[in-house]
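Participant: Below you will find the structure I want to go over with you.
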Amino acid sequence: SVHVATMGSWSRWQHGQSWLAIFEFENFRGKKVQLSGECKDVLEKAQRVGSVIVESGPWVGFEHPGYVGEQYVLEKGEYPRWSTWTNCQRNYNMSSFRPLKVVKHKLHLFENEGYEGRKMEIVDDDVPSLWAYGFQDRVASAKVINGTWVGYMYPGYRGCQYVFEHGEFKHWNNWGATAPLIQSVRRVRDMQWHKRGCYIELATLARQHTSVTHCLHLLTAFSFESIGAMNLTLVQ
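For the sequence shown, position 153 matches number 172 in the numbering used here, and the numbering has no gaps at all.
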């Protein structure tokens with residue numbers, strides 16, 4: 020359902036229900052549209068999506084109406100501009116939204132389509148780099164046993180996002196990809212994953228740290244900070 024409101028009419032959220040508010044301009048300015056369920060085309064209510072507040076969720080936003088195009092995972096928190104919901108500058112518009120379920124997490128990744136080849140099992144953990152655990156960047160099929168997950172094209176949760184909900188994905192086209200390329204995955208939970216977005220620019224680090232070597236160490240630590248704390252099984 021959709022409710023159009025002015026800036027001063029923020030209603031109380033109902034416990035246990037997913038709520039999201041979109042604003043036409045950055046920093047939560049302009050016309051506001053509140054959602055409590057699926058919205059096939061929010062552009063019927065607003066000219067654009069400039070910023071978002073997720074009061075409870077999580078949600079997934081889509082580039083085009085009808086839940087198609089690039090996908091953007093939105094967990095509980097504030098998103099004042101496009102760079103806080105994606106680091107992919109090629110596409111960052113959102114036109115349709117729907118809520119996601121939050122439960123315990125278990126995911127199986129396969130090297131080849133049809134659940135063939137090497138297999139990786141991930142249980143209640145995030146993986147910033149599949150390579151770091153001896154798995155390749157090729158993921159051609161997947162089975163989501165529990166929970167909702169998001170896969171990324173590049174390590175460190177960067178690049179295009181692909182949402183994996185409970186079910187089976189026999190071919191990479193089933194999750195909206197044009198190639199079997201996934202290099203990091205994480206769980207979708209009812210909390211904002213990273214308040215500044217999911218990408219730290221090298222230029223920003225360089226301004227803060229004059230040593231290039233130090234910058235590279237920081238980037239490595241950011242991408243692989245969770246290593247050693249994961250529940251993973253790699254099957255040959």
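Beta carbons are placed, not taken as given, at the ideal position from N, Cα and C, and that holds for glycine.
What do you get for Q66, buried or exposed, if any count of 16 or more other CB atoms within 10 angstroms of its CB means buried?
Facilitator: Here the question's residue 66 lines up with position 47 in the sequence shown. It is exposed - the Cβ of Q66 has fewer than 16 other Cβ atoms within 10 Å.
Participant: Taking A40 as part of the beta strand (DSSP E), name the residues at either end of that continuous run.
Facilitator: For this step, residue 40 is matched to residue 21 along the sequence shown. Unbroken beta strand (DSSP E) run through A40: W38 to F44.
Participant: Does the segment 130-146 come into contact with the segment 101-117, if we say contact requires no fewer than three beta-carbon pairs (one atom in each stretch) closer than 8 angstroms?
Facilitator: The segment 130-146, when compared against the segment 101-117, does not touch it at the 8 angstroms Cβ threshold.
Participant: Buried or exposed: T25, going by 16 or more other Cβ atoms within 10 Å of its Cβ?
Facilitator: For the purposes of this step, residue 25 is taken as residue 6 along the sequence shown, with counting starting at 1. Low local confidence applies: a pLDDT of 31 at T25 is under 50, so the model's placement there is unreliable, and no value is given.
Participant: Taking M113 as the reference, give the member of S203, L62 and N46 with the closest Cα.
Facilitator: Taking the sequence shown and counting its residues from 1, one reaches residue 113 at position 94. Considering only alpha carbons, the answer is L62.
Participant: Output the boundary residues of the beta strand (DSSP E) element that contains H127.
Facilitator: If you number the sequence shown from 1, residue 127 lands on position 108. Its beta strand (DSSP E) spans residues K125 to N131.
Participant: Enumerated in chain order, which unbroken segments of the beta strand (DSSP E) with a length of 3 residues or greater are wholly contained in the segment 44-89?
Facilitator: Segments of the beta strand (DSSP E) lying fully in the segment 44-89: 48-54, 70-75 and 78-83.
Participant: Measure the alpha-carbon distance for C58 versus V142 and round it to whole angstroms.
Facilitator: Position 39 of the sequence shown, counted from the first residue, corresponds to residue 58. Position 123 of the sequence shown, counted from the first residue, corresponds to residue 142. If you take the alpha carbons of C58 and V142, they lie about 31 angstroms apart.
Participant: Quick check: the segment 115-123 against the segment 146-162, are at least 3 beta-carbon pairs closer than 8 angstroms?
Facilitator: As far as the Cβ criterion goes, the segment 146-162 does not touch the segment 115-123, which means the pair count is below three.
Participant: So L39 and W101 are in contact, right, with Cβ under 8 angstroms, and what is the actual spacing, rounded?
Facilitator: In the sequence shown, residue 39 corresponds to position 20, counting from 1. In the sequence shown, residue 101 corresponds to position 82, counting from 1. Not a contact, Cβ separation roughly 16 angstroms.
Participant: Look at G76 and P118 and say whether their C-beta atoms are less than 8 angstroms apart.
Facilitator: Counted from its first residue, the sequence shown places residue 76 at position 57. Counted from its first residue, the sequence shown places residue 118 at position 99. Their beta carbons are under 8 angstroms apart, which means G76 touches P118 by this criterion.
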